[in-house]
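Just so you know, the sequence shown maps onto residues 562 to 1159 in this note's numbering.
One structure is given here, and the rest of the page talks about it.
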Amino acid sequence: MIHWQRTVTCGVLTEANIGQQVVLNGWVHKLRTFGDLVFIDLRDRTGLVQVVVDKQHNPELVPIANALRSEFVVAISGAVAARQPGTENSKLSTGSIEVAANEIETLNTAKSLPFPLSDEEQMTQVDETLRVKYRYLDLRRSRMYQMLQMRHRAVKILRDILDAEGFLEIETPIFTKSTPEGARDYLVPYRLQPGHFYALPQSPQQYKQLLMVAGVDRYFQIARCFRDEAQRSDRQPEFTQLDVEMSFVTQEDVLAIAEKVTAGVVKQLSDKQMEHPFPRLTYDESMSLYGNDKPDLRFGLTLKDLSDLAVQSSFALFQSVVEAGGQVKAVLFPGGASLSRKEVDELGAFCKEFGAGGLATIAVNGAGPSDFKSPLSKFFTAEQMAEIVQKCEAGPGDLICVIADAKRAVVANVLSRLRLEIGRRCNLRDPSRLAFCFVTDFPLVQWNEDEQRWDAEHHPFTMPRPEHMEYLETDPGKVRALCYDLVCNGQESASGSIRIHRADIQARVFGLLGIDAERQQERFGHILEAFSYGAPPHGGFASGIDRLIMNLLDEPNIREVIAFPKMGLGYDPLMDAPSTVDADQLRELGLTITKKAK
Ligand code: ASP
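Here it is in structure tokens:
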């Protein structure tokens, strides 16, 4: 072939091109021989096109075509022609045409692949670690390419919206000092001063605040964050956030931008239903109605507090639980009255797994609120039972699930999990919905029972609500913060806060978190000092880009939306990282490796 370079890409050819001479470049997706005809499905990132080699017209080309193998890289020239009637493929955008080849040049050969790319169904059987080890092959699949494209588009939309709103995109360092976000740091040893380490940023939190001190006013970054924490299927040791910070703003201003960028991406890239403006709940409301701070609003089934009724009952357990400051609460299982005894027992075991002492149920029978079956009926009057049924909005055929515990956190945890389980069993999650909501007014700190100290609920730079400032030292558990999460379908999608911009308040919060004056100077002296040079009031948020793409694509596995993900325990099978290093490198860094005691 005199000129091997393509004149057109594979996936764009249509009937409009019939009669044109084209040169195509791509990979041999599939090869089939039928008597005098050889068919080559040729693939590039734009799609597939069928190339046909016809022995009658081009006998010398047949052995060349037959020598091709899957994933050879080829240049093919030929003429676009209509397919024979009846041989069209409606699943392909190019399905009504084919290219009659008159020249084929192999640009590169390929070994036989560790997994076939030509059969999407078979791909579900392929071990994921193998796919990640050969990611450069896995990414040749159109499904993966579409994911990369979706990511690219989402980020472009985010950039465009923020640019229009006057934000500047600024890079902040990867080699830095520890910025706490509640995880362990990844450390990088510093060769020039053995024993000194950089920390990889858990987020650009401090830098973005320093940019506000610098007067940048509106900053954003598509930021890589590094957190050494327990791996889960929705977590990666490094992940990408849209990181935003703004000066002279209130919480409302920040929420407006968070909503604008999120809704903007969703609207432009999917046809998912979304309630907009996003509904809002305070942390306390969310805990009370859903038992957690990440409510899945794709369905209702809010929790009902029966504590008032429970104290009036003759059930000593309920009374003692409420007297001890605990709660008796319930969730409805629609249609659950028909569960067998064994199924109800299994539900009870499910609750016990999450810390409940047991599960009490009320099955509402066909005749309505006064016709029920429940072990609780002997402790309540008929009117009280009817009131419970009414309060739980239970109808004929429903099951009311009641949990009581002296610890409110146990009641919340068990019922929130039970609610989600019921939602799953009853198929209540509408897959066409993205149920966003803002949760606001988080507690500033939470008590760490193990370490006997207060930990920051978000991070230590969060501003307490001004009216709660007085409780910082006397009753920290009472302090609510100017702090918010964006939740989508029961998962955290973004989080942020109005920040502390005054050195005195920051020092008080560090003090509350048990960071004494000396440690404050050592770890955060730079930011405390910056705050003493005229730091403006500011706030911001960070939104998980990987999660956003997962939501847009209905993809439960975060690795599927990342070009080169890590597998379990942070292992990268493609690069075989982490790996050992040469003794010389260790010596230079002043490091010796000791075996970890088991
Ligand atoms: N830095 C926080 C995080 O990564 C987000 C924020 O407060 O802006 O979770």
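Glycine is no exception: its CB is placed at the ideal position from the N, C-alpha and C atoms.
No experiment lies behind these values; they were computed from the predicted model shown.
Would you kindly work out how many angstroms separate the C-alpha atoms of A626 and V589, rounded to a whole number? 10 Å
key: Best match in K1127, A891, Y695, N663 for proximity to I601 [C-alpha to C-alpha]   = N663
Give a yes or no on whether the C-beta atoms belonging to L723 and V573 are separated by under 8 Å. no
message: Relative to the C-alpha of E836, which candidate in F860, V815, E813 has its C-alpha closest?
response: F860
Practice problem: Check each candidate in F915, E682, I1076 and name the one with the smallest Cα separation from D1016. | Solution: I1076
inquiry  = Let me check understanding here. Comparing Cα to Cα, which of G580, T655, V634 lies closest to T607?
reply    = T655
**Asked** With DSSP run on the structure shown, which of helix, strand or coil describes D721?
**Response** helix
### Message
With a threshold of 8 Å, are at least 3 pairs of Cβ atoms found where one atom belongs to the segment 952-971 and the other to the segment 890-901?
### Response
yes
Quick check on DSSP: helix, strand or coil for C953? coil
Fill in: Close beta carbons around V971, own chain, < 6 Å, minus the five adjacent residues each side
G916
What are the complete alpha helix (DSSP H) segments, minimum 4 residues, inside the segment 773-860? 812-830, 844-851
- Task: My understanding is that Y844 touches D854, with C-beta atoms under 8 Å, so please give their C-beta distance in whole angstroms.
- Result: 6 Å
Review point. For Q873, which option in S638, Q945, H1062 has the closest C-alpha, if you only look at C-alpha atoms?
Key: Q945
- prompt: Alpha carbon to alpha carbon, how far is Y1094 from P675?
  reply: 60 Å
Say yes only if the C-beta of A1103 is nearer than 7 Å to one or more non-hydrogen atoms of ligand 1, and no if none qualify. yes
Item to complete: For Q829, collect the residues of the same chain with a Cβ closer than 6 Å to its Cβ; drop the 5 residues on either side in sequence, then sort them by chain order.
Response: I718
>> Extract the residue ranges of the beta strand (DSSP E) inside the segment 944-990, only unbroken runs of 3 or more that lie entirely within it.
In response: 960-966
Practice problem: With a threshold of 7 Å, establish whether the CB of E799 neighbours any heavy atom of ligand 1. | Solution: no
* Runs of beta strand (DSSP E) lying entirely within the segment 627-694, each at least 3 residues, in chain order -> 634-643, 658-669
So G1057 packs on V815, CB below 8 Å; how close in whole Å?
-> 6 Å
- Under the three-state DSSP convention, the category S901 falls into: coil
Distance check for V805 and F781, CA to CA, integer angstroms please.
4 Å
Q. Under three-state DSSP, which class holds S1056?
A. strand
Compute the beta-carbon to beta-carbon distance between A1096 and V774, rounded to the nearest angstrom, for a pair I have assumed lies under 8 Å. 5 Å
request  = Pull up the CB-CB distance for L870 and I949, whole angstroms please, since I reckon it's below 8 Å.
outcome  = 6 Å
- Query: Counting along the chain, where does the beta strand (DSSP E) carrying R1130 start and finish?
  - Reply: Note that residue 1130 is Leu in the sequence shown, not Arg. Unbroken run through L1130: none, as it is neither H nor E.
Using the C-alpha atoms, what's the distance from D605 back to Q566?
13 Å
Between which two residues does the alpha helix (DSSP H) carrying Y697 extend?
-> 696-699
* Kindly list the residues whose CB is nearer than 6 Å to the CB of R692, restricted to its own chain and excluding five residues on each side of it in sequence; keep chain order. => D699
Practice item. Note down the Cα distance separating F1125 from A824, rounded to an integer number of angstroms. Key: 27 Å
Would DSSP call H1062 helix, strand or coil? coil
Can you tell me whether E1018 is helix, strand or coil according to DSSP? coil
If you count every other CB in all the chains shown that lies within 10 Å of the CB of L729, and 16 or more means buried, which is it? exposed
Sort S673, P762, G852, Q812 by Cα distance to P1027 and report the nearest one. Q812
So I923 is in the beta strand (DSSP E); what residue range does that whole segment cover? 921-925
To the nearest angstrom, how far is the alpha carbon of G1038 from that of R696? 48 Å
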